[in-house]
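If you're matching positions, the sequence shown starts at 1 in UniProt numbering and goes up one per residue.
Built from N, CA and C at the ideal position, the CB exists for glycine as well.
Worksheet for the structure shown next.
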Amino acid sequence: MPYRSALGGRYVEVDDENGARLFYYFIESERNPAEDPLILWITGGPGCSALSGLLFEIGPLKFDVAGYTEGTFPRLVYFEDSWTKVSNIIFLDSPVGTGFSYSREEAGLNVSLTESGRQHHVFLRKWLAEHPEFASQPLYIGGDSYSGYTVPVTAMDIATSSRSRDDDDGYPKPNLVGYLVGNPGTDDRYDSGGKVPFMHGMGLISDELYEAARLGCGGDFYKTPDLTNTRCASAMIAIYMVTVGVNPMHILEPFCGPQGPGVRSIFQDNGSRRSMLVQDDVPHPGFFTKQPVECRNNGYRLSNIWADDPEVRDALGIHKASIGSWSRCTMLPYYRHDVSTAIPYHVNLTKAGYRALVYSGDHDLGMTFVGTQEWIRRIGYPIVSDWRPWFVNRQVAGFTRTYAHNLTFATVKGGGHTAPEYRPKECLAMLDRWTSSAAGQLS
């Protein structure tokens with residue numbers, strides 16, 4: 001197994017009373033571990049494993065999907081466009097119950113978003129005590145999708161504690177300097193409200209259909225329309241009917257799951273957001289022969305086979321009987337989403353001097369760049385450097401705008417819901433430039 005020592009598993013207990021333990025993978029920077037930044041990466045969901053971020057987004061290992069033969073063991077290969085080229089990364093299985101994380105007592109699974117943010121802070125302080133050589137390095141909290149909530153909540157818990165003298169428990173305080181979120185869930189009014197304008201702009205619906213919805217719904221695409229408003233309901237149902245076969249993760253890629261995006265792709269709320277992240281992951285006989293080769297599900301399913309292998313679990317140091325079958329994304333019935341909007345967290349953090357990068361794969365229907373731009377605009381920060389392209393290898397990689405208070409927005413051209421999965425080289429360049437530039441410039 002490549003990177004055996006780096007992938008060697010570790011747990012950190014974050015709830016002494018209930019024995020809740022978070023599992024993590026740590027991979028050092030390939031460039032200069034002693035000076036490169038430290039990133040705590042929290043995969044979205046909530047309930048999607050750190051392995052998903054490591055093996056499919058920003059880590060140095062990928063499955064050899066093209067070389068896989070059904071019935072054999074999945075092979076990992078080195079991936080050159082990993083974010084570990086320029087940063088040290090902790091990939092964290094969180095909340096409790098995600099991936100290989102577990103709790104001794106069932107009560108330990110009953111956590112909220114804000115409690116989970118506090119547990120991430122506890123995790124970091126204990127981890128830094130075990131790895132004091134990283135205690136002074138710049139720390140960024142990162143994640144995508146639902147982690148658009150988790151990341152700023154975690155960062156705020158750290159920032160608030162850093163200003164307090166009452167939290168001196170002997171553990172090192174993280175040197176938080178900023179955070180980054182990709183295609184972030186932020187506020188349903190904008191996350192859901194941006195979908196219909198996005199569909200129109202991308203040519204998924206006609207001008208006439210868009211106008212019917214705009215006029216019928218009064219320009220408000222935020223929630224499922226009141227069925228007594230027949231004009232709005234009829235227009236939205238018509239939009240659903242013509243877009244039902246579109247892959248919400250990346251509108252140009254085939255939809256390979258067992259169900260279409262459904263009404264959720266238009267009228268989504270917090271309770272159903274996680275289902276947008278998961279297509280059909282569970283392996284079954286003949287799944288490789290039934291899926292088109294370009295389906296990303298093929299790689300996702302290999303992760304189930306790999307993570308359930310006894311030798312892999314022994315190599316990772318997984319505690320026996322701590323979990324049953326592993327799942328890339330786990331339903332968390334006890335988890336509570338107790339933050340209605342992440343916008344105040346962004347405002348408080350950036351005004352306190354923390355750097356922020358918000359980026360959007362521009363072909364994602366789940367969390368559109370349209371909605372993300374709108375909530376950033378509503379914050380009201382002055383524009384420092386206006387809309388402009390940024391380049392990788394002399395090609396336009398996306399567009400960016402810089403705001404006051406160290407807030408940078410960027411699109412990733414051709415990116416989907418998890419932008420590094422679709423545009424790894426461009427996203428690596430984006431990360432390196434942003435962390436290296438005090439002004440947050442990408443171009």
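Proximity test, Cβ basis, 8 Å: PRO424 and chain D: Among the protein chains of the structure shown there is no chain D, as only one such chain exists.
Start-end ranges of the alpha helix (DSSP H) lying completely within the segment 17-89, minimum 4 residues: Listed in chain order, they are 50-53.
DSSP beta-bridge partners of ILE141: Locating residue 141 in the sequence shown gives position 141, counting from the first residue. Paired residues: LEU40 and TYR179.
Contacts around ILE343, its chain only, beta-carbon distance under 8 Å, and the 5 residues preceding and following it disregarded: For the purposes of this step, residue 343 is identified with residue 343 of the sequence shown, where counting begins at 1. Excluding residues within five positions, the ones whose Cβ falls inside 8 Å are THR186, ASP187, TRP375, ARG378 and ILE379.
When VAL153, THR341, TYR179 and SER136 are compared against TYR171, the one with the closest alpha-carbon: Translated into the one-based positions of the sequence shown, residue 171 becomes position 171. The option with the nearest alpha carbon to TYR171 is SER136.
Classification of LEU209 by the beta-carbon crowding that lies within 10 angstroms, buried from 16 upward: Within the sequence shown, the letter at position 209 stands for residue 209. Per the 10 Å Cβ criterion, buried.
Residues near ASP314 in its chain [Cβ-Cβ closer than 8 Å; skip 5 each side]: Numbered from 1 along the sequence shown, position 314 holds the residue referred to as residue 314. Nothing listed; no residue qualifies.
Cβ contact check for the segment 114-123 and the segment 385-402: 3 or more pairs under 8 Å: As far as the Cβ criterion goes, the segment 114-123 does not touch the segment 385-402, which means the pair count is below three.
Sufficient close CB pairs (3 or more, under 8 Å) joining the segment 356-372 to the segment 197-212: The answer is yes - the segment 197-212 touches the segment 356-372, with three or more Cβ pairs under 8 Å.
Distance CB(CYS48)-CB(THR98) smaller than 8 Å: Position 48 of the sequence shown holds residue 48. Position 98 of the sequence shown holds residue 98. Contact flag set, yes.
Enclosing beta strand (DSSP E) for ALA410 [first to last residue]: On the sequence shown, residue 410 is found 410 positions in, with the first residue counted as 1. Run containing ALA410: 407-412, per the beta strand (DSSP E) assignment.
Buried or exposed (CB count within 10 angstroms, at least 16 for buried), SER145: For the purposes of this step, residue 145 is taken as the residue at position 145 of the sequence shown. Counting every other CB atom within 10 Å of its CB across the protein chains shown gives SER145 a total of 16 or more, marking it as buried.
Span separating the alpha-carbon of ALA307 from that of GLY117: For this step, residue 307 is matched to residue 307 along the sequence shown. For this step, residue 117 is matched to residue 117 along the sequence shown. Roughly 26 Å separates the two Cα atoms.
Alpha carbon of SER82 to alpha carbon of SER234, nearest angstrom: As a position in the sequence shown, residue 82 is number 82, starting the count at 1. As a position in the sequence shown, residue 234 is number 234, starting the count at 1. Taking the CA atoms as reference points, SER82 sits about 46 Å from SER234.
Contacting residues, own chain, Cβ-Cβ under 6 Å from PRO33 (five flanking each side not counted): Here residue 33 is taken as the residue at index 33 of the sequence shown, counted from 1. Correct list, in chain order: ASN88.
DSSP bridge partner residues for TRP390 (one or two, in chain order): On the sequence shown, residue 390 is found 390 positions in, with the first residue counted as 1. Beta-bridge pairing links TRP390 to GLY398.
Meets three-Cβ-pair contact criterion under 8 Å: the segment 53-63 and the segment 330-349: Counting C-beta pairs with one atom in each stretch, the segment 53-63 and the segment 330-349 have fewer than three that are closer than 8 Å, which means they do not touch.
Three-state class that DSSP yields for LEU209 in the structure shown: Here residue 209 refers to the residue found at position 209 when the sequence shown is read from its first residue. Three-state result, LEU209: helix.
Rounded distance between the beta-carbons of PHE255 and VAL246, thought under 8 Å: Taking the first residue of the sequence shown as 1, we reach residue 246 at position 246. Taking the first residue of the sequence shown as 1, we reach residue 255 at position 255. The Cβ separation is near 7 Å, so the contact holds.
Strand pairing of GLY361, partner residues [DSSP]: As a position in the sequence shown, residue 361 is number 361, starting the count at 1. Note: GLY361 sits in a beta bridge opposite VAL412.
Backbone secondary structure at ARG423 - three-state DSSP: Counted from its first residue, the sequence shown places residue 423 at position 423. Annotated three-state conformation of ARG423 is coil, per DSSP.
Contact under 8 Å by Cβ, SER103 with GLY19: In the sequence shown, residue 103 corresponds to position 103, counting from 1. In the sequence shown, residue 19 corresponds to position 19, counting from 1. With contacts defined by Cβ atoms closer than 8 Å, SER103 and GLY19 form a contacting pair.
Beta-carbon contacts of THR411 that lie in its chain and below 8 Å, excluding the five residues immediately before and after: On the sequence shown, residue 411 is found 411 positions in, with the first residue counted as 1. Only residues of its own chain outside the window of five on either side were considered, and among them TYR359, SER360, GLY361, ASP362, PHE369, GLY398, PHE399 and THR400 have a CB closer than 8 Å to the CB of THR411, listed in chain order.
Beta-carbon proximity of LEU40 to GLY203, cut-off 8 Å: On the sequence shown, position 40 is the one that residue 40 refers to. On the sequence shown, position 203 is the one that residue 203 refers to. The Cβ atoms of LEU40 and GLY203 do not sit closer than 8 Å to each other.
Contacting residues, own chain, Cβ-Cβ under 7 Å from SER101 (five flanking each side not counted): As a position in the sequence shown, residue 101 is number 101, starting the count at 1. The residues ARG21, LEU22, PHE23, ASP93 and SER94, in chain order, have a CB closer than 7 Å to that of SER101 in the same chain once the five nearest residues on each side in sequence are set aside.
Limits of the beta strand (DSSP E) - the one that ARG10 falls within: On the sequence shown, position 10 is the one that residue 10 refers to. Note, ARG10: beta strand (DSSP E), 10-15.
For LEU332, three-class secondary structure by DSSP: On the sequence shown, position 332 is the one that residue 332 refers to. Residue state, collapsed to three classes: coil.
Three-state class that DSSP yields for PHE134 in the structure shown: The residue given as residue 134 occupies position 134 in the sequence shown. It is helical.
Contact check, TYR354 vs LEU176, beta carbons under 8 Å: Position 354 of the sequence shown, counting from 1, holds the residue named residue 354. Position 176 of the sequence shown, counting from 1, holds the residue named residue 176. Cβ distance < 8 Å, so TYR354 and LEU176 count as in contact.
Alpha carbon of GLU13 to alpha carbon of GLY415, nearest angstrom: Sequence index remark: in the sequence shown, residue 13 carries index 13 (1-based). Sequence index remark: in the sequence shown, residue 415 carries index 415 (1-based). Taking the Cα positions, GLU13 is about 36 Å away from GLY415.
Identity of the residue in TYR335, TYR149 and VAL153 nearest THR372 by Cα: Numbered from its first residue, the sequence shown carries residue 372 at position 372. Closest in alpha carbon position to THR372, among TYR335, TYR149 and VAL153, is TYR149.
Backbone CA spacing between ILE239 and LYS413 [nearest angstrom]: Numbered from its first residue, the sequence shown carries residue 239 at position 239. Numbered from its first residue, the sequence shown carries residue 413 at position 413. Cα-Cα distance, rounded: 25 Å.
SER325 in three-state terms, based on DSSP: On the sequence shown, residue 325 is found 325 positions in, with the first residue counted as 1. Reduced to three states, the DSSP call for SER325 is coil.
C-beta contact flag for LEU113 and VAL151 at 8 Å: Counted from its first residue, the sequence shown places residue 113 at position 113. Counted from its first residue, the sequence shown places residue 151 at position 151. No, the Cβ-Cβ distance between LEU113 and VAL151 is not below 8 Å.
CA-to-CA distance, PRO248 to SER265, given in whole angstroms: Along the sequence shown, one-based indexing puts residue 265 at 265. Along the sequence shown, one-based indexing puts residue 248 at 248. Per-residue confidence for SER265 stands at a pLDDT of 46, beneath the threshold of 50, marking its modelled position as unreliable; no derived number is given.
TYR78, buried or exposed, once every other Cβ within 10 Å from all chains shown has been counted against 16: Stepping through the sequence shown from its first residue, residue 78 is reached at position 78. When all chains shown are included, TYR78 counts as exposed.
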